[in-house]
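Number of protein chains: 2
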Amino acid sequence: MTKWVYSFGAGHNEGRADMNNLLGGKGANLAEMASIGLPVPPGFTITTEVCTAFYENSRRYPDGLDAEVGTALSQVEKAVGRKFGEAKNPLLVSVRSGARVSMPGMMDTVLNLGLNDQTVEGLAKAANDPRFAWDSYRRFIQMYGSVVLGIDHHKFEEIIDHTKLEADVTEDTALTAQAWQRVVEAYKDLVQHDTGKPFPQQPHEQLWGAIGAVFGSWMNHRAITYRKLHDIPADWGTAVNVQTMVYGNMGDDCATGVCFTRDPSTGENAFYGEYLVNAQGEDVVAGIRTPQPVSKANAKAGETPMEVVMPEAYRDLLRVRETLEQHYRDMQDLEFTVQQNKLYMLQTRNGKRTTAASLKMAVDMAREGLIDEAEAVRRVNASSLDQLLHPTLDPKAPRTLLARGLPASPGAASGAVVFSADEAESRAQKGEAIILVRIETSPEDIHGMHAARGILTTRGGMTSHAAVVARGMGRPCVAGASEVSVDYNAQTLTAAGRTVHDGDVITLDGATGEVFLGTVAMIEPAMSKDFATLMGWADKARRLGVRANAETPLDAETARKFGAEGIGLSRTEHMFFDPKRIGAVRQMIMASNEAGRRAALARLLPFQRDDFRELFTIMAGLPVTIRLLDPPLHEFLPHSDVEMEEVAEGLGTDVATIRRRAAELAEANPMLGHRGCRLGISFPEIYEMQARAIFEGALAVAMESGKPPHPEIMIPLIATRRELEITRAQVDQVAQAVFAENGRKIEYSVGTMIELPRAALVADRIAELADFFSFGTNDLTQTVFGLSRDDAGKFLPRYVEAGILPKDPFVSIDAEGVGEMMRIGAERGRSVKNNLKLGICGEHGGDPASITLCEKLGLDYVSCSPYRVPVARLAAAQAALGVEADRTA
Amino acid sequence: MTKWVYSFGAGHNEGRADMNNLLGGKGANLAEMASIGLPVPPGFTITTEVCTAFYENSRRYPDGLDAEVGTALSQVEKAVGRKFGEAKNPLLVSVRSGARVSMPGMMDTVLNLGLNDQTVEGLAKAANDPRFAWDSYRRFIQMYGSVVLGIDHHKFEEIIDHTKLEADVTEDTALTAQAWQRVVEAYKDLVQHDTGKPFPQQPHEQLWGAIGAVFGSWMNHRAITYRKLHDIPADWGTAVNVQTMVYGNMGDDCATGVCFTRDPSTGENAFYGEYLVNAQGEDVVAGIRTPQPVSKANAKAGETPMEVVMPEAYRDLLRVRETLEQHYRDMQDLEFTVQQNKLYMLQTRNGKRTTAASLKMAVDMAREGLIDEAEAVRRVNASSLDQLLHPTLDPKAPRTLLARGLPASPGAASGAVVFSADEAESRAQKGEAIILVRIETSPEDIHGMHAARGILTTRGGMTSHAAVVARGMGRPCVAGASEVSVDYNAQTLTAAGRTVHDGDVITLDGATGEVFLGTVAMIEPAMSKDFATLMGWADKARRLGVRANAETPLDAETARKFGAEGIGLSRTEHMFFDPKRIGAVRQMIMASNEAGRRAALARLLPFQRDDFRELFTIMAGLPVTIRLLDPPLHEFLPHSDVEMEEVAEGLGTDVATIRRRAAELAEANPMLGHRGCRLGISFPEIYEMQARAIFEGALAVAMESGKPPHPEIMIPLIATRRELEITRAQVDQVAQAVFAENGRKIEYSVGTMIELPRAALVADRIAELADFFSFGTNDLTQTVFGLSRDDAGKFLPRYVEAGILPKDPFVSIDAEGVGEMMRIGAERGRSVKNNLKLGICGEHGGDPASITLCEKLGLDYVSCSPYRVPVARLAAAQAALGVEADRTA
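For the protein sequence lines, the chains are B and R, in the order given.
Quick note on numbering: the first sequence equals residues 48 to 936 in the numbering used here.
Quick note on numbering: the second sequence equals residues 48 to 936 in the numbering used here.
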C-alpha cells in the first residue's frame with residue numbers, strides 16, 4: 048500500500064534529502080535536518096503522489112490519507128505534549144506547499160493554524176501574553192483568508208489601518224491586545240461577508256482547507272504559466288508540509304530570520320543573513336520593519352546583530368551552519384525561528400548565488416576538501432560564465448528602459464548613438480564612446496562595429512550578421528529590437544514614445560537584450576585566479592577539444608588568451624571586406640572572363656597570404672581550419688547609389704554596368720544559392736588563389752619559426768562527393784605546385800563542412816575524400832528546418848514563447864531534428880573512416896546544451912567565438928561529467 | 048582458361064543474342080542469326096573482355112589471343128574454301144567494332160581486308176572482274192588508311208577527283224579498272240608519304256592493325272565524351288567482329304541495303320527499307336547514289352524496288368524479316384548484302400522508332416500474340432509519351448534557330464511576341480496567337496500565361512513559376528533562355544544578334560527548349576485508340592495510384608480525361624490570385640489586427656467554398672487533397688508603382704502604407720521564411736476560413752449529388768509534431784462546427800506535406816497525428832541540397848553538363864540524397880502507422896525515373912500535372928514491371 052504521509056522531527060524521521068521527488072524540497076530537507084540532529088519542530092509531509100492522485104481522481108484524495116494524517120498528527124501531539132484544537136494550550140501548525148523546485152505561482156504558507164475563538168484564549172494563557180495570542184489569531188485569519196479563501200489581501204490591511212486610525216497610532220506594534228481582538232472581529236465579519244460563511248472554527252476543517260488550497264494552487268493559472276515557462280511537468284505535483292508552530296513573535300527573546308552559509312553575492316566564506324526580533328516569517332518579507340544582520344562582521348553602525356542580541360541562539364546557528372555545509376557540501380539558504388532563546392530550523396536548501404559567487408565557492412570548497420574538483424566543475428553554470436568576461440550593469444544602478452531586443456552578444460556598454468559605420472569609426476577615433484544603431488548590419492559595417500562599444504539592430508535574430516560578428520568581437524549587442532524604429536534620414540530612433548537623436552547616449556545590456564536611456568553604472572569584470580583554477584580543472588575533465596572561430600590577429604590572440612586549442616573556423620571572406628582589398632574583390636566580380644578574375648585575384652593573393660601568415664604565427668603550431676570562400680558574390684557588391692558610383696569610378700566602368708552585374712548576381716534565396724563550393728567549381732581560380740595563399744603563408748611561417756603549421760582547409764557547402772573530389776583536387780594541385788616552387792613541404796588536411804542535409808545523408812561517400820568534417824550547424828539548422836535565420840524573427844520568437852519549439856534552434860541545436868541529422872552524418876562518416884575527425888563550428892559551438900549534444904554524438908571538438916571559449920571549456924567538461932545542460936539557460 | 052574468341056556461321060555458333068555483354072550487340076546477334084539458320088557469312092568475335100584486359104595490361108593483348116584468332120580464322124577458311132592472304136582466290140574479311148550499345152565515337156568498319164598487290168589480282172581472276180577487284184582494293188586502302196592509319200579522309204577523295212578529271216568523267220561508276228588501279232597507286236604513295244611507311248601488304252599485319260584500331264578507338268576522345276554523356280562505363284569495352292566478306296559490288300546481281308521489319312516512323316506493320324545495286328555498305332551512307340526502296344508498296348514512280356529487280360533475294364529477305372520478328376519479338380533493323388542474287392545477313396538489332404511507332408508496334412505485337420500485354424507496356428518510353436499529347440514541330444520543316452533554353456513544358460507553339468500578361472490576354476481575346484515573353488513570371492501573370500499559346504522566360508529553371516504553371520496548363524514553355532535579353536521598355540527581345548519586336552512571330556519547341564524565328568510547321572497530336580489500349584494495360588500492371596495536381600475546374604477535367612484517380616495537390620493559393628479575390632486577399636494582408644483579417648477572409652470564404660464545390664463535383668467521389676495556404680504573404684502584394692497605387696486606392700489607404708507593409712513582409716530567403724503552417728499558426732483565421740470553405744463545399748456536394756466527397760486536408764511545411772497538432776486541431780474544430788451547423792457529417796482526413804528534412808527525420812512523431820504524408824519533393828530537394836530552384840539556373844546546368852550531378856534534381860528526384868531522405872521519412876512514418884498513406888505531389892510526380900523511385904519506396908500514389916498523367920500511368924506500370932527508367936531521359 049502506498050504511504051501518503053511521512054513524519055519528521057521528534058525522532059520520527061521517515062524522509063531523507065534524496066526523497067525530494069516524493070516529499071518536495073522543503074519536506075525532504077526538514078526530515079534530513081531532523082535526522083542529523085538539528086532542532087526541527089516536528090511535523091509531517093503529505094507526498095507529491097497525493098497531489099498527482101488528487102488530480103487523476105477528479106480532485107478526490109486517495110483512500111487512507113485521512114487516517115495517515117490523523118496518525119501523524121497524533122504523533123506530533125504526543126511529541127510536543129499539546130493537542131490540536133484543544134482549548135487549553137493548543138497545538139498550532141503551519142501548512143506550507145513544497146514542490147521539487149521552488150514555485151512562486153503556488154500557495155506558500157499559512158501560519159498559526161488551529162487558532163479559533165477558544166484556542167486563542169488558551170494560547171494567551173499558555174504564553175501568558177494575550178496580545179501575542181490575538182496578534183497570532185489575526186495573522187492566521189488574514190493568511191488563511193487570503194490564500195485559502197481567496198479574499199483580497201488589501202481588505203485585511205484596510206481593517207488594520209482603520210483600527211490604527213481609531214486607536215490613533217501609526218505602528219502595528221503600538222496596537223494592544225484589545226485592538227487586535229477588534230481586528231479579529233472585523234476580519235471574521237469580512238470573511239462572513241465575502242464568502243457567505245463564517246470563518247471556520249473547526250481546526251480540522253482549517254487543516255483540510257489549507258491542504259486543499261495547496262493542492263488546488265498547483266493548478267492555478269500562475270503556477271501553470273510558471274511551469275510552462277520553466278519546463279516543469281505538471282505531474283511532478285507538490286507536497287504539503289504540516290509542522291508544529293514555533294513563535295518568533297512571543298517576545299523580545301524571540302526572532303525569525305533567513306541566512307546563507309556563505310555570501311551569495313561574492314561567494315566569500317562568511318556567514319550572511321538577516322533577522323527580526325519578535326516577529327513571524329512574513330514580517331521579514333513584508334518590509335514593515337528593517338531586518339538586522341545576524342553577524343557582527345556584517346553590521347553597520349547602529350545595527351543590532353543577532354550575534355550581540357542573542358549570543359546563545361547565534362552560537363547554535365553557527366553550529367547549524369557548519370553542520371549543514373559539511374552535510375550538504377554546498378552553500379545553504381536557511382530559515383530559522385528563535386522562540387524564547389531556543390533556535391528552531393524551518394528550512395534549508397541549496398542557496399542561489401551569483402555566477403562570481405558560484406565560481407568562488409566551487410573553488411574554495413574543493414580546496415577545503417568539501418567537494419572534489421569534478422564537483423567544483425559541475426557547480427558553475429556554464430551559460431552564465433559569460434557574465435564574468437564582460438562588463439555588466441550594476442544591479443543597483445537606476446535605469447530607464449527604452450526597449451527590449453534579443454540578448455545577442457553579452458556585456459554592457461554605454462555610448463552616443465550613431466547610425467552609420469563610417470561615422471561610428473570617425474567619432475570613435477576621436478575618442479567618443481559610440482553605440483552603432485542599424486536596422487541591420489552587413490559585412491560593410493564591420494569597421495563601424497569594431498569601432499563601436501556596442502551594437503543595436505532592429506531586425507535579425509540571434510545569428511544575424513550583427514549578432515555573429517558582435518559575439519566574435521566581444522562587443523555587446525542587442526539585435527532584432529523590433530519595437531525600435533530607426534529613421535536614417537532624420538538620424539533618430541524611436542521607442543516607447545521617446546525619440547533618441549544622433550549623439551544622445553543609450554546603454555545596452557547584451558546579456559538581457561535591454562536598451563536603456565542615458566548611462567547606467569556598470570561593474571567591470573575581473574578574471575580571478577579562481578577562474579583560472581576552475582578552467583584548469585575543467586580542462587582535465589573534458590574530452591571535447593575547444594577551438595575558436597577567428598579571422599583577425601586580434602580574434603586569434605583573444606582566442607588563445609581564453610584557452611582555445613586552435614582555430615576551428617577562419618572565414619576567409621571576412622578578410623575580403625577590408626577597405627584595402629574590397630576593390631580587388633569587386634574587380635574580380637566585375638571581370639567578364641577568367642583572365643580578368645585571375646588578374647584581380649593576383650592582387651588579393653599577397654593580402655591573403657599575410658592574413659594566414661599572421662594567423663599561423665599567433666597559433667604557433669595549433670591547428671588552424673580555414674574555410675574557403677563561402678558567401679555569394681553579390682554580398683561584396685555595393686548597395687547604395689553613392690557607393691556604386693564610387694566603385695564604378697574605381698573600376699573605370701559606369702554605374703549601369705555595376706548595376707547590371709548586381710542584378711545578374713541577385714538571388715531569390717541567397718542562402719540556397721550560388722555560394723560555397725559552387726563558387727569554387729564555377730570559378731576555380733578563386734579557391735586556387737586561396738589555397739596558394741594558405742600554403743605560401745604556411746611555408747613562410749615554417750621557415751621563420753621552425754614550427755610548420757598544419758593548415759586544415761575546409762570546403763564549404765558540399766552536397767555531393769563529386770564536389771569535394773573536384774575542389775580537393777584543386778587544393779592538392781596547388782599544394783604540389785607551391786611545394787615544388789619552394790622545395791619544401793608541410794602537412795595539411797582537406798575536409799568539408801557538413802551543413803546540408805544531403806551531405807549528412809551521403810557522409811559515407813564524402814568521408815572517403817575528407818580528412819575531417821565540421822558540422823556547420825547554422826546552415827544545417829536553416830536547411831533541416833527550412834528556416835531562414837534572417838527571416839525567422841517574424842515568427843520564431845512566438846514559436847518559442849508558445850512552446851512550439853523548446854528553444855530558438857539558432858541558439859541551441861535542435862537535438863530532435865538537427866541533432867538527428869548530425870548523428871546520421873557522424874555515423875555514416877565514421878562507418879567508412881572510423882578515426883574521422885568531427886567538429887562543429889558556428890554559433891552553437893559556444894552553447895552548453897549544444898556542447899552536451901556534441902559530447903553525446905562523440906564529436907572531437909567544438910569551435911566558437913573567442914569570448915565563448917571559457918564557456919565552451921566548462922560546458923565540455925560538464926558534458927563529459929554527465930551534467931545535463933540547463934534546460935532554461 | 049578464359050575464351051577470348053567466339054566463332055559464328057558455317058555451323059560453328061559459339062555465341063547467342065543474350066551474350067551481348069561479352070560479344071557486343073553486333074557479334075551476339077550475328078551468332079544468333081546464324082544459329083537460327085539465317086545466311087550469315089562465317090566469322091568470329093573477339094570479346095569485350097579482351098578490350099578490358101588490353102587496357103588493364105598496358106595495352107597488351109592477353110596470352111592466347113593470337114592462337115585463338117588463328118584457329119577461328121582457319122575454321123572460316125575451311126568453311127568458305129578460301130585462304131586468307133592466298134594469292135589465288137583469297138579470303139577477304141571485314142573488321143567491325145561492336146560494343147554493348149552502338150557508339151558513334153568509335154572506329155566502325157574496315158571492308159575488303161586481306162587485299163594487297165597480289166591478292167587483288169587473284170580476286171580479279173576469281174570474280175572475273177578486274178574493275179571490281181581494283182575498286183575493292185582502293186576502298187580497302189581508303190578505309191584502312193583513314194580509320195586505322197589516321198590519314199585525313201579528304202586526301203583520298205582528292206585523288207579520286209583528280210583521276211576523274213584526268214579521265215574526263217564525273218561519276219565514280221564511269222572509272223575503269225585501269226583508272227582504279229592508278230587510284231590504288233596514288234593511295235599507296237599517300238600512305239607512304241603521310242605515315243613514312245608503305246601500305247601494309249601482309250594480310251595478318253592488316254588484320255592486327257584493324258583489331259588494334261578498334262580497341263584503340265574505345266579510348267579516343269570522342270568515345271570517352273560519348274560515354275560520359277550517355278553514362279556508359281569505360282570498363283564495358285568493345286568487341287571486334289571479323290567476318291568473311293560478301294560483295295554487293297560484284298555486278299548488277301549484287302546489292303547492299305538496310306531495312307526495318309516495320310515502319311520505324313509510323314509503326315505500321317509494313318516492310319520498310321532501302322538498297323543500292325552493285326554497291327558496298329558505305330555507298331548507302333555516302334549518298335553519292337540515291338538508294339531505292341526495297342518494297343513495291345513504298346516505291347514512287349520511277350523508282351526501282353528490290354522486289355522487282357531481285358525478286359528471289361527479296362523473297363528471301365521477306366522470310367528473314369518474318370523469322371527475325373518471330374525470334375526477337377520486336378521490330379528489327381537489318382543490314383544485308385546480295386552477292387550474285389544470294390542474300391547474306393550482316394546485322395540485326397532492335398530498331399529505333401518514334402514514340403508513335405513504338406506505341407503502335409507494342410499494341411499491334413501484343414494483339415498479334417508476339418508479346419504479352421506487360422511486354423507491350425514495357426516497350427513504350429514513358430518520358431517520350433508526352434510527345435503524343437502535344438503538337439510537335441514537323442521535323443522536315445525549315446527553321447531558323449534564335450536561342451536555346453530549358454525544355455520546361457512540352458509541345459510547340461507559334462505566335463506574336465508580347466511582353467506583358469495583360470497584353471497577352473487582350474490580344475488573345477481578339478483571336479491572335481500569342482507567345483508571352485517575360486524575364487520571369489509571377490502568379491500575377493497567370494491570366495496572360497493562360498491566354499498565350501506558349502511562354503518564354505529568360506530566367507528560372509525547370510521548376511520555376513513559369514515552368515510549373517505552363518506544365519499544369521499544358522502550355523509549351525521554354526524557360527531560362529539566358530541568351531535572350533528582354534527589354535521591356537523597348538518592347539524587344541534580342542538573341543543571336545537579332546532583335547525581335549513586339550508583334551513579331553516566334554516559335555517555341557517546349558520539348559527541346561529551342562526558340563525559332565517566325566513560324567515553323569507543326570504536326571498535331573492524335574490520341575489513337577492504341578493509346579487508350581496501352582493505357583488500359585498499364586493500369587492493370589501498375590500498383591502506384593496516379594493523381595493530378597489541379598486547382599481549376601479545367602485542370603480537374605483535364606486530369607480526369609487523362610485518367611487521374613483523384614487530385615493529389617490542390618494549391619489553394621492559386622485560387623487567391625483571381626482578380627475578383629486578390630482585393631480581399633490584400634485587404635487581409637494589410638489588416639492590422641485579427642478582426643480586420645477576419646473581415647477580409649469572410650469575403651474570400653464564398654469564393655473558396657465555390658472552388659471546392661466545383662472540384663468535388665468534377666472529381667465525383669475521387670479523393671481530393673487540398674493544401675492549405677502555403678506561400679509567404681508578400682507574394683500577394685503588388686510590385687510595380689502603378690499597381691501599388693491601384694491597390695492603395697482600392698483599399699482606401701496610401702501607397703506609403705502599402706510600401707511599408709511590403710517592406711515589413713519582405714524576406715531575405717522567402718523559401719525558408721514565414722510560410723506554410725507557420726502562417727496558419729501566426730494567423731489561425733486563415734486556415735479556419737479555408738477549412739470552413741472545404742467542409743461547407745463538401746457538404747453542399749454531398750447534398751446535391753448524394754455522393755459525399757472525401758476531402759484530404761494537407762498542412763504544408765510541417766517541421767515539428769507540435770505544428771501539426773496545432774493546425775490539425777484548428778481543422779478538426781472547424782469540421783465539428785460546420786457539421787453541427789448543418790446537422791450532417793462527412794469523412795475527411797488531415798495529413799501533412801513532408802517537404803523539410805526535419806519532418807522526415809521526426810516522421811514517426813508526426814505520423815502519430817497524420818492520416819497521410821505527401822512528400823513535397825520540390826521543397827525537399829531545395830532543402831536537402833540547399834539549392835534554391837529560383838537561383839539554381841546560375842550553376843546547375845553546368846553541374847549537369849560536367850557530370851557533377853547526373854540530372855537536374857528538380858526534374859528527377861536525386862535518389863542518393865533526396866530519395867534517402869524520403870526513405871527515412873517513409874520508414875519512420877510507417878514504423879508507427881503501418882498503413883500510413885504515402886504519396887508525392889509536385890513536379891517529380893510525372894517523371895518516370897522519380898516514379899520508379901516512388902515504387903521502390905513503397906509509396907501509394909504519385910500526383911503530377913494533368914498533362915503528365917498518362918506518362919505517370921505508364922511509368923508507374925513500368926516501375927511495377929521492374930523496368931529501370933531510362934537513365935538519360
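All residues carry an ideal CB built from backbone N, CA and C; glycine is no exception.
A quick note: this is a predicted structure, and the numbers were derived from the prediction, not measured.
Close-in-space but distant-in-sequence residues of the same chain around R:Glu743 (CB under 7 Å, 5 per side omitted): Residue 743 of chain R sits at position 696 when you count from the first residue of the second sequence. Setting aside the 5 residues that flank it on each side, R:Glu743 is surrounded in the same chain by Arg656 and Val785, each with a C-beta closer than 7 Å to its C-beta; the list follows chain order.
Partners in chain R for B:Lys841, counting only beta-carbon separations shorter than 7 Å: Residue mapping note: residue 841 of chain B aligns to position 794 of the first sequence, counting from 1. Per Cβ cutoff of 7 Å: His721.
Contact set between B:Gly889 and chain R, taken where Cβ atoms lie within less than 7 Å: Counting from one through the first sequence, the residue named residue 889 of chain B turns up at place 842. Within chain R, no residue comes near B:Gly889; the closest Cβ sits about 15 Å away, beyond 7 Å.
CB contact check: R:Ile733 to chain B, cutoff 7 Å: Residue mapping note: residue 733 of chain R aligns to position 686 of the second sequence, counting from 1. No, R:Ile733 does not count as interfacial toward chain B.
Local conformation of B:His548 per DSSP, three classes: Translated into positions along the first sequence, residue 548 of chain B becomes position 501. Correct three-state label for B:His548: strand.
Proximal residues of chain B, C-beta to C-beta of R:Ile851 below 8 Å: In the second sequence, counting from the first residue as 1, residue 851 of chain R sits at position 804. Those are Ile728, Thr767, Arg769, Glu770 and Ile773, listed as they occur along chain B.
B:Thr402 versus B:Lys275, B:Phe187, B:Met357 and B:Arg425, residue with shortest Cα-Cα distance: Position 355 of the first sequence, counted from the first residue, corresponds to residue 402 of chain B. For B:Thr402, the nearest C-alpha among the options comes from B:Arg425.
Same chain, Cβ closer than 8 Å to R:Pro600, five either side skipped, listed in chain order: Residue mapping note: residue 600 of chain R aligns to position 553 of the second sequence, counting from 1. Excluding residues within five positions, the ones whose Cβ falls inside 8 Å are Glu661, Leu662 and Ile665.
Cross-chain neighbours of B:Thr830 in chain R, by beta carbon under 7 Å: Start at 1 with the first residue of the first sequence, and residue 830 of chain B comes out as number 783. Those are Pro804, Thr830 and Gly833, listed as they occur along chain R.
Proximity winner among R:Pro844, R:Pro679, R:Glu115 and R:Asn76, relative to R:Lys50 (alpha-carbon distances): Start at 1 with the first residue of the second sequence, and residue 50 of chain R comes out as number 3. Comparing alpha-carbon positions, the option among R:Pro844, R:Pro679, R:Glu115 and R:Asn76 lying closest to R:Lys50 turns out to be R:Glu115.
Interface flag, R:Glu604 vs chain B, CB-CB below 7 Å: Walking along the second sequence from the start, residue 604 of chain R turns up at place 557. By this cut-off, R:Glu604 is not an interface position.
Candidates B:Pro670, B:Val305, B:Glu714 and B:Phe466: closest to B:Val797 by CA position: Residue 797 of chain B sits at position 750 when you count from the first residue of the first sequence. The shortest CA-to-CA distance from B:Val797 to any of B:Pro670, B:Val305, B:Glu714 and B:Phe466 is the one to B:Pro670.
N-terminal and C-terminal residue of the alpha helix (DSSP H) that B:Asn76 is part of: Here residue 76 of chain B corresponds to residue number 29 of the first sequence, with the count starting at 1. Start and end: Asn67 to Ser82.
Residues of its chain near B:Pro626, where Cβ-Cβ distance is below 8 Å and the 5 sequence neighbours each way are ignored: Taking the first sequence and counting its residues from 1, one reaches residue 626 of chain B at position 579. Within the same chain, B:Pro626 has close Cβ partners His494.
As assigned by DSSP and simplified to three states, the class of B:Arg178: Locating residue 178 of chain B in the first sequence gives position 131, counting from the first residue. For B:Arg178, the three-state secondary structure derived from DSSP is helix.
Chain R residues whose Cβ lies nearer than 9 Å to that of B:Gly864: Residue 864 of chain B sits at position 817 when you count from the first residue of the first sequence. Per Cβ cutoff of 9 Å: Ala766, Thr767, Leu803, Pro804, Arg805, Ala806, Leu808 and Val809.
Contacting positions in the stretch 238–261 of chain R - beta carbon closer than 7 Å to chain B: Of all residues in the stretch 238–261 of chain R, none has a Cβ within less than 7 Å of some Cβ in chain B.
Pairwise C-alpha distance: R:Ala499 and R:Met66: The residue you call residue 66 of chain R lines up with position 19 of the second sequence. The residue you call residue 499 of chain R lines up with position 452 of the second sequence. So the two alpha carbons sit approximately 53 Å from each other.
Segment contact flag, the stretch 571–578 of chain B with the stretch 463–481 of chain B, C-beta cutoff 8 Å, min 3 pairs: Taking 8 Å as the limit for Cβ pairs, the verdict is that the stretch 463–481 of chain B does not touch the stretch 571–578 of chain B.
Residue-chain proximity (B:Asn825, chain R), Cβ-Cβ < 7 Å: For the purposes of this step, residue 825 of chain B is taken as residue 778 along the first sequence, with counting starting at 1. No, B:Asn825 lies away from the interface with chain R (no Cβ there is under 7 Å from its Cβ).
Span of the beta strand (DSSP E), counted from its first residue to its last, around R:Thr285: Residue 285 of chain R sits at position 238 when you count from the first residue of the second sequence. Thr285 to Thr291 is the extent of the beta strand (DSSP E) around R:Thr285.
For B:Ala513, the three-state DSSP class (helix, strand or coil): As a first step, residue 513 of chain B is located in the first sequence; it is residue number 466 there, counting from the start. B:Ala513: helix per DSSP, three-state reduction.
Own chain residues within Cβ distance below 7 Å of R:Arg229, not counting five before or after: Start at 1 with the first residue of the second sequence, and residue 229 of chain R comes out as number 182. Non-local beta-carbon contacts of R:Arg229 in its own chain, meaning distances under 7 Å to residues more than five positions away in sequence, involve Thr210 in chain order.
R:Arg934 at chain B interface by Cβ criterion, 7 Å: Locating residue 934 of chain R in the second sequence gives position 887, counting from the first residue. Reliability of the predicted coordinates at R:Arg934 is poor, the pLDDT of 39 falling under 50, and no value is obtained from them.
Contact with chain B by R:Arg425, beta-carbon distance below 7 Å: To locate residue 425 of chain R, count along the second sequence from 1; it is residue 378. R:Arg425 does not count as touching chain B.
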